[in-house]
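So the structure is just underneath, and the comments pick up after that.
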Amino acid sequence: MKFMPVTFKQLRTLKELEPCERLQEAVWKFNKDDIIPSRFMLVLCKHGGFAMGAFDGDSMIGFLFGVPAIHYGQPSQHSHMMAVLPEYRDQNIGFKLKIAQREDALNRNIDLITWTFDPLQSRNAHLNINKLGVIACSYDVNLYGEETSSKLHSGLGTDRLLAEWWLVSDKVKSIIDGQNQEVTKIQSAEGLNINKTERNKQGLLIPVESDLTLTNDVLLLEIPDNIDKMKDSDIQVARKWRELVQKAFLHYFDAGYYINSLHIEREGNIRRTYYVLERLTKPYRPMTNY
Numbered sequence: 129m130k131f132m133p134v135t136f137k138q139l140r141t142l143k144e145l146e147p148c149e150r151l152q153e154a155v156w157k158f159n160k161d162d163i164i165p166s167r168f169m170l171v172l173c174k175h176g177g178f179a180m181g182a183f184d185g186d187s188m189i190g191f192l193f194g195v196p197a198i199h200y201g202q203p204s205q206h207s208h209m210m211a212v213l214p215e216y217r218d219q220n221i222g223f224k225l226k227i228a229q230r231e232d233a234l235n236r237n238i239d240l241i242t243w244t245f246d247p248l249q250s251r252n253a254h255l256n257i258n259k260l261g262v263i264a265c266s267y268d269v270n271l272y273g274e275e276t277s278s279k280l281h282s283g284l285g286t287d288r289l290l291a292e293w294w295l296v297s298d299k300v301k302s303i304i305d306g307q308n309q310e311v312t313k314i315q316s317a318e319g320l321n322i323n324k325t326e327r328n329k330q331g332l333l334i335p336v337e338s339d340l341t342l343t344n345d346v347l348l349l350e351i352p353d354n355i356d357k358m359k360d361s362d363i364q365v366a367r368k369w370r371e372l373v374q375k376a377f378l379h380y381f382d383a384g385y386y387i388n389s390l391h392i393e394r395e396g397n398i399r400r401t402y403y404v405l406e407r408l409t410k411p412y413r414p415m416t417n418y
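Here's what the structure looks like:
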């Protein structure tokens, strides 16, 4: 299939927002109860929210939707949804939607955008942390309940990391400019691992009980390279990953660590992915009170 060059446009009217409902169904397979109505999106966009569409010709193939928020007592934005049709992925469309959101936020004098993502999804983690420069030091257990109507959210609960995208930080600016010097350099994962791993007879990477006694300034927490394939192959192994990663993040965030980068090692055709945790320079203060 040959695609036209993808274009981007801010969504401001009900007619422009209506295709977002179709994309929610196409990407997440949501039923009508979980789809955010375009009318509601319009109201929020008129009162501090933001929506941007990605188009192949006249057809919307991706969108981003953010809502007004308050974090650390200051106006901010929470990016609630971003979707790209499967056949258009790996074209930097999600990255470009985020960059457009950043530009709009800076024009409004907003310097913080937040969003949530599944800590076991390595592709999303790479985009968010290494390509956009977010940090994270907050973890929600089953943020959306045990599951939603989407198959993507079934079987493992809906745990989420809260990403903080500090738009004018030196780290973010250097990453966006392609000159980042901030990512922690890790020569080897040995000796820093929170969780040890081994492979079972099927070749699946199995996590061993997390070590919650470490006090190094830099720690590594491994996640599966492809949790969706693992879930299809052996749901019990995937659930063990969820349990141990959840336990590790809750402990080390409480102990004063945050996620600064994502470290990727390649062993032949095998890719291994690690969150890089570092100590906060000052105690973490929750952004919101509820």
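Just so you know, the sequence shown maps onto residues 129 to 418 in the numbering used here. We put the CB at the ideal spot given by N, CA and C, even for glycine. As the structure is a prediction and not an experimental result, all values here were calculated from the model.
By the criterion of at least three beta-carbon pairs nearer than 8 Å, the region 352-368 is not in contact with the region 215-223.
When secondary structure is reduced to three states using DSSP, Phe136 falls in the strand class. Under DSSP, the beta-bridge partners assigned to Glu406 are Val346, Tyr386. Between the alpha carbons of Lys299 and Leu405 lies a gap of roughly 16 Å.
In the structure shown, Gln202 adopts extended strand secondary structure according to DSSP, grouped into three states. Bounds of the alpha helix (DSSP H) holding Pro147 are 147-156.
Considering only Ile238, Leu213, Ile221, Asn256, the residue with the shortest C-alpha distance to Pro203 is Ile238. In terms of CA proximity to Glu274, Thr286 leads the group Cys265, Leu295, Thr286.
Cβ neighbours of Ala264 within its own chain (closer than 7 Å, five residues either side excluded): Leu289, Leu290, Ala291, Glu292, Tyr386, Ile387. Remark: C-beta atoms of Ser250 and Ile363 do not approach each other more closely than 8 Å.
Short of 6 Å from the beta carbon of Leu340, and not among the five residues preceding or following it, lie these beta carbons of its own chain, in chain order: His379. Here the alpha carbons of Ile241 and Ser207 stand approximately 7 Å from one another. The beta-carbon separation of Val171 and Ile189, rounded to 25 Å, does not stay under the 8 Å limit for a contact. Assigned with DSSP and collapsed to three states, Leu234 falls in helix. In this structure, Asn397 is the residue among Asn397, Ala376, Asp382 with its C-alpha nearest to the C-alpha of Gly331. Scanning its chain for C-beta atoms nearer than 8 Å, with the 5 sequence neighbours on each side dropped, one finds around Phe381 the residues Cys265, Ser266, Tyr267, Tyr412, in chain order. For Ser361, the CB contacts under 8 Å within the same chain, skipping 5 residues up- and downstream, are Gln330, Leu332 in chain order. Arg327 carries a strand assignment under DSSP once its states are collapsed to helix, strand and coil.
With contacts defined by Cβ atoms closer than 8 Å, Ala179 and Leu139 form a contacting pair. Residue range 333-338 is occupied by the beta strand (DSSP E) that includes Val336.
With contacts defined as CB atoms closer than 8 Å, Arg399 and Asp356 fail to qualify as a contacting pair.
Spatial neighbours of Gln152 in its own chain (CB-CB distance under 6 Å, excluding positions within 5 residues in sequence) are listed in chain order as Phe158, Ile163.
Just measuring C-alpha positions, the residue of Ile303, Met209, Gly176 sitting nearest Gly261 is Ile303.
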